[in-house]
Amino acid sequence: MTAEETIRSYLLTLAPLYARHPHEAVVASLIERELTKAGFDLMTDEIGNVGGFRGTGLLPLLNAHMDTAQRPDDQVMGELVVEEDCWFSPGHQIGWDDKAGIAIILTLARCTKTPFRVLFTVGEEVGSIGIQSVHPELIEKSSWGLTLDRKGSNDLITSYAGKQLASNRFISRLIRFSHEAGHPLEIKTGQSADTYYLAAHMECVNISAGYYEPHRPGDFLRFGEVAAIYRLVDRLLTGFRP
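Residues 122 to 363 (the working numbering) make up the sequence shown, in order.
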């Protein structure tokens, strides 16, 4: 399958899964299975975070969270509607935040041989409890980090609550690289993400993952944007030098 076909397959698999904390296990099982097939060495910690790596030495780290903000009424998803480029379920919350980010990372694992690290966390939507309790071995030996947990297509979150997440040099180089790659990122403000805590260990920022109206019934994604973000991250992993 092509990368776009693979992303589509992962999104279709993830869409019906109910993963409100503490029900992330069904997503974690999928992630562990797919990463193992892609040649990643895996580790989980006591709270349920999933980490892994492919390659040696210092590696960039990609991060997404496994839990959703779905309601109890969303345990059974309604019809998945695809209208042109938009995917949604009327009256239901699919939880594209952060299923879109997960699909992008799994596709990079499956469709490339690029060395990188991954961290998938639990409980991000209920106070970032997973990342705050993450085992150090899951994030050590990371050269820099990229969280895929932001609405929209071109957003770049570089600070939370007045805390800058990366150096000015890192941020300026990342923005320049994104322009050269044809998917320009623009600095925006955000409320919270795992990135806030990862930044204590590495330079790390949060970027869009192609979803919209998070935490609401009828949340949707734009598939073309998800695919474009995949291509940007693929280029970042192979060509970005902070």
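C-beta atoms are modelled at their ideal positions from N, C-alpha and C, and glycine is treated no differently.
Residue i: first and last residue of the uninterrupted beta strand (DSSP E) it sits in
i: Lys309; result: Glu307 to Lys309
i: Ser329; result: Cys325 to Ser329
Alpha-carbon to alpha-carbon, residue j and residue i
i: Leu227; j: Met198; result: 22 angstroms
i: Leu358; j: Ser254; result: 26 angstroms
i: Leu229; j: Ile296; result: 21 angstroms
i: Leu133; j: Val203; result: 11 angstroms
i: Gly176; j: Phe361; result: 17 angstroms
i: Ser274; j: Ile350; result: 7 angstroms
i: Leu306; j: Leu319; result: 20 angstroms
i: Ala221; j: Arg129; result: 10 angstroms
i: Ser288; j: His304; result: 21 angstroms
i: Gly311; j: Gly339; result: 21 angstroms
i: Gly178; j: Asp206; result: 39 angstroms
i: Cys232; j: Arg192; result: 33 angstroms
i: Gly315; j: Thr268; result: For the sequence presented, residue 315 should be read as Asp rather than Gly. For Asp315 and Thr268, the distance between alpha carbons rounds to 7 angstroms.
i: Asp162; j: Gly173; result: 5 angstroms
i: Thr157; j: Ile223; result: 15 angstroms
Nearest-angstrom beta carbon gap, residue j and residue i [assumed within contact, 8 angstroms]
i: Val347; j: Ala330; result: 7 angstroms
i: Leu241; j: Ala185; result: One detail in the question is off: residue 241 reads as Phe in this sequence, not Leu. Going by Cβ atoms, the distance from Phe241 to Ala185 rounds to 6 angstroms, so yes, they are a contact pair.
i: Asp188; j: Glu153; result: With 8 angstroms as the limit, Asp188 and Glu153 do not qualify as a contact, their Cβ atoms being about 16 angstroms apart.
i: Met164; j: Leu259; result: 6 angstroms
i: Asn170; j: Gly251; result: 5 angstroms
i: Ala140; j: Leu201; result: Not really, about 16 angstroms apart at Cβ, beyond 8 angstroms.
i: Tyr332; j: Lys272; result: 6 angstroms
i: Asp270; j: Asp219; result: 5 angstroms
For residue i: DSSP bridge partner residues
i: Gln374; result: Lying outside 122 to 363, the shown extent of the chain, residue 374 is not represented and no answer is given.
i: Asn184; result: Leu240 and Thr268
i: Trp208; result: Val203 and Leu342
i: Tyr139; result: BP columns for Tyr139 are empty, so no partner.
i: Thr165; result: Val171
i: Ser293; result: Note: Ser293 sits in no beta bridge, so no partner.
i: Thr189; result: Arg141
i: Tyr351; result: Partner(s): none; Tyr351 has no beta bridge.
i: Ser313; result: For Ser313, which the question treats as bridged, DSSP gives no partner whatsoever.
Span of the alpha helix (DSSP H) around residue i
i: Leu156; result: Ala146 to Lys158
i: Asp195; result: No alpha helix (DSSP H) holds Asp195; DSSP gives it neither H nor E.
i: Thr134; result: Ala124 to Leu135
i: Arg231; result: Trp217 to Cys232
i: Tyr273; result: Just to set this straight, residue 273 is Gly in the shown sequence, not Tyr. It is not in any alpha helix (DSSP H) - Gly273 carries neither H nor E in the DSSP assignment.
i: Gly251; result: Ile250 to Gln253
i: Thr316; result: Thr316 to Leu319
Neighbour-count burial assignment, residue i, 16 or more Cβ in a 10 Å radius
i: His142; result: buried
i: Ser249; result: buried
i: Ile308; result: exposed
i: Gln196; result: exposed
i: Glu324; result: buried
i: Pro181; result: buried
i: Ser299; result: buried
i: Ser210; result: buried
i: Arg238; result: buried
i: Pro335; result: buried
i: Gly212; result: exposed
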